[in-house]
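Scroll down for the structure; my scribbles are underneath it.
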Amino acid sequence: MKTFLKLLLLLPVALAGVAIDIANRHPVTVFFDPFTEGESSGYYMTARLSVVLLVAVMIGVLLGGIAMWFEQGRHRQAARKARGEAKTLRSELARRSDTQKA
1 MKTFLKLLLL
11 LPVALAGVAI
21 DIANRHPVTV
31 FFDPFTEGES
41 SGYYMTARLS
51 VVLLVAVMIG
61 VLLGGIAMWF
71 EQGRHRQAAR
81 KARGEAKTLR
91 SELARRSDTQ
101 KA
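Numbering (the UniProt record's numbering), first residue to last: 1 to 102.
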């Protein structure tokens, strides 16, 4: 069921992406220096619109993943601390049960 819902949601997105790619086959120019005018100076790239959109989405996913990794750092630290405490308590409990059996 989960796979079907994933497919149901991703299929329209994929079809929209293919439709955009087919409708926009011409090259676009992307300027990386906002202070220069024209193609004679500054950094720019000419590529198909679908390539530009794909790269932009990939960069967005990468930056979002990095931001979430930093944001969840405190949760990972709390989990490590809890695992350490649980290990200490388990060993203490095992030691107490061994002394009570003897």
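Just so it is clear, CB atoms sit at the ideal spot from N, CA and C, and this is done for glycine as well. Since we're looking at a predicted model, the values are computed, not measured.
query, result
"What would DSSP say about Phe70, mapped onto helix, strand or coil?", "helix"
"In the DSSP assignment, find the alpha helix (DSSP H) that holds Thr3 and state where it starts and stops.", "Lys2 to Ala23"
"Based on DSSP bridge pairs, tell me the residues matched to Arg48.", "Pro27"
"Per the contact definition of three or more C-beta pairs closer than 8 Å, is the segment 65-73 in contact with the segment 41-56?", "no"
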